[in-house]
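First the structure, in the form of structure tokens, and then the observations on it.
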Amino acid sequence: MTADHAIALHERAIVIDGHSDILIPLADGLFRFRERPNVPAPEQWDGVAPGAKHDQATPYQLSPYAMTFQCMGQYDIPRLREGGVTAQVMAIFIGDEYGGAPLQRALDMARVFHREIDDNTDHVLLATSADDIRRAKAENKTALILSFEGVEPLELNPNLIEIFYRLGLRIVSLTHSRRNHFADGTQLGVRTGGLTRLGRELITRMNELGIVIDLAHLADDGFWEILELSSAPVILSHSNVLRGNNPAYKAPLLAINPATGVSKLQALAANGGVAGVIFWSQPDIDAIVDDIEAMLEQVGDDHVGLGSDFYSLEYAPAGLEDISKLPRLTERLAQRGHSDDAILKLLGGNYMRVFDAVLKG
Ligand SMILES: [Zn+2]
Numbered sequence: 001m002t003a004d005h006a007i008a009l010h011e012r013a014i015v016i017d018g019h020s021d022i023l024i025p026l027a028d029g030l031f032r033f034r035e036r037p038n039v040p041a042p043e044q045w046d047g048v049a050p051g052a053k054h055d056q057a058t059p060y061q062l063s064p065y066a067m068t069f070q071c072m073g074q075y076d077i078p079r080l081r082e083g084g085v086t087a088q089v090m091a092i093f094i095g096d097e098y099g100g101a102p103l104q105r106a107l108d109m110a111r112v113f114h115r116e117i118d119d120n121t122d123h124v125l126l127a128t129s130a131d132d133i134r135r136a137k138a139e140n141k142t143a144l145i146l147s148f149e150g151v152e153p154l155e156l157n158p159n160l161i162e163i164f165y166r167l168g169l170r171i172v173s174l175t176h177s178r179r180n181h182f183a184d185g186t187q188l189g190v191r192t193g194g195l196t197r198l199g200r201e202l203i204t205r206m207n208e209l210g211i212v213i214d215l216a217h218l219a220d221d222g223f224w225e226i227l228e229l230s231s232a233p234v235i236l237s238h239s240n241v242l243r244g245n246n247p248a249y250k251a252p253l254l255a256i257n258p259a260t261g262v263s264k265l266q267a268l269a270a271n272g273g274v275a276g277v278i279f280w281s282q283p284d285i286d287a288i289v290d291d292i293e294a295m296l297e298q299v300g301d302d303h304v305g306l307g308s309d310f311y312s313l314e315y316a317p318a319g320l321e322d323i324s325k326l327p328r329l330t331e332r333l334a335q336r337g338h339s340d341d342a343i344l345k346l347l348g349g350n351y352m353r354v355f356d357a358v359l360k361g
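Residue numbers for the sequence shown, in our numbering: 1 to 361.
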């Protein structure tokens, strides 16, 4: 009974996932979005890598398997359809190997993003507004939203944000974990600072254009600075709140800042924003629900969303291994007694409130 109800609820919901790095293997030509790629299970992999990315050093200590397959097999059009996903955010992230030509790489990733939309108009559409997401729901399609995870592609010129806006860019985080010309990322334990002059200029420009600002990966100073500066609600697209088991995600969202008496999550809520709960590196689906509940307990049900960030089957939560399994999360939330209304907000309603407020079209 509960299962049927949850499935119907999931089918009715606008479901939005706030973060995926699937554009990386797509841009590398490892598969096409329409395919359901054949990714071997970690224990069955013979160690022969098609892309050989695993030879490169990584600060995140990803396994060769994860470096090779990345999030392939976790996001593709068949799985997005199966998972009932109304809108998927797809990030342009510049890997270290493209650090010398970030603009070139970003344009190529944007090219592939648009090519996949153009070649699959029966299943997906480009979303640049909240209404586009509603249209996707009405037409039984998945809306794709372009984001930046780090503004390295702008190099030293914040005005280039206007070009990417025209290419559909609607969500932007200033950094990944690195330092760039605009701000400091979490820097894996190195002492960090906040925004530069360019970073502050860019925040203002993004407010004017109608781009959703994402606080993911920002070092603490920048996090607080943007909440002061931004005239619009912001998001934190993917974050883990209970288990800071990876230094890139160490942000203690729930910890109360003794100087102010509020936590990062409470500050985000006061701004009208949304924090997306991450799935990557969680042991199982119940751990994800525990994270969600810890967040709901602190700020209520208007400020929590989804930010899956799956990154390889090796680090996939048991029971929620890829985006096609998302209805199971709805089922588990219903089993734990969450109301339909609270679940609808979590699945996408809260992001929609921010998108309605910020996106102009
Ligand atoms: Zn990330």
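C-beta: ideal position from N, C-alpha, C; glycine also. Owing to the predicted nature of the structure, the values given are computational and were not obtained by experimental measurement.
Is Asp290 near ligand 2, with its Cβ less than 6 Å from a heavy atom?
This structure does not include ligand 2; its bound ligands are ligand 1.
For Met67, does the three-state DSSP call read helix, strand or coil?
helix
Taking three-plus beta-carbon pairs below 8 Å as touching, is the segment 276–284 in contact with the segment 303–313?
yes
Selected residue, minimal CA-CA separation from Pro327, among Asp21, Ala41, Ser20 and Glu82
Glu82
Considering Ala267, what are the terminal residues of the alpha helix (DSSP H) in which it resides?
Lys264 to Ala270
Enclosing alpha helix (DSSP H) for Leu236 [first to last residue]
Counting along the chain, Leu236 falls outside any alpha helix (DSSP H), though it belongs to the beta strand (DSSP E) covering Ile235 to Ser239.
Element boundaries [alpha helix (DSSP H), containing Asp214]:
Unbroken run through Asp214 is the beta strand (DSSP E), Val212 to Asp214; no alpha helix (DSSP H).
Check whether the segment 348–357 and the segment 119–136 touch, using three or more Cβ-Cβ pairs below 8 Å as the test.
yes
Euclidean distance between Cα positions of His54 and Met295
Note that His54 scores 47 on pLDDT, short of 50, meaning its location in the model is unreliable and no value can be drawn from it.
If you reduce the DSSP assignment to three classes, tell me which class Arg179 lands in.
strand
For Gly361, count neighbouring C-beta atoms within 10 Å of its own C-beta (all shown protein chains included) and say buried if the count is 16 or more, exposed if not.
exposed
Nearest-angstrom Cα separation, counted from Gly305 out to Gly222:
22 Å
Spatial distance of Thr196 from Phe182 (CA atoms)
5 Å
If you count every other CB in all the chains shown that lies within 10 Å of the CB of Arg191, and 16 or more means buried, which is it?
exposed
With DSSP as the reference, label Val274 as helix, strand or coil.
strand
Can you check whether the CB of Gly348 is closer than 7 Å to the CB of Ile117?
no
Please work out which residues of its chain come closer than 7 Å, Cβ to Cβ, to Pro42, disregarding the five sequence neighbours upstream and downstream, and give them in chain order.
Tyr65, Leu313 and Glu314
If you draw a straight line from the C-alpha of Gly73 to the C-alpha of Leu26, how long is it?
12 Å
Assuming Met72 is part of the alpha helix (DSSP H), what are its boundary residues?
Element bounds for Met72: n/a, residue is neither H nor E.
Helix, strand or coil for Asp17, going by three-state DSSP, please let me know.
strand
Which residue comes first and which comes last in the beta strand (DSSP E) that contains Arg170?
Leu169 to Ser173
Considering only DSSP beta bridges, list what Gln282 is partnered with.
Partner(s): none; Gln282 has no beta bridge.
Could you please give me the residues that DSSP links to Gly305 through a beta bridge?
Gly276
Are the CB atoms of Leu333 and Ile343 within a distance shorter than 7 Å?
yes
Alpha-carbon to alpha-carbon, Phe69 and Gly47:
11 Å
Exposed or buried, which one is Pro158 when buried takes at least 16 other CB atoms within 10 Å?
buried
Using the three-state DSSP reduction, which class does Thr121 fall into: helix, strand or coil?
coil
In or out: Leu156 buried (at least 16 other Cβ within 10 Å) or exposed?
exposed
Burial state of Val262, where buried means 16 or more other Cβ atoms lie within 10 Å
exposed
N- and C-terminal bounds of the beta strand (DSSP E) containing Glu149:
Thr142 to Glu149
Bridge partner(s) assigned by DSSP for Gln88
Asp17 and Leu144
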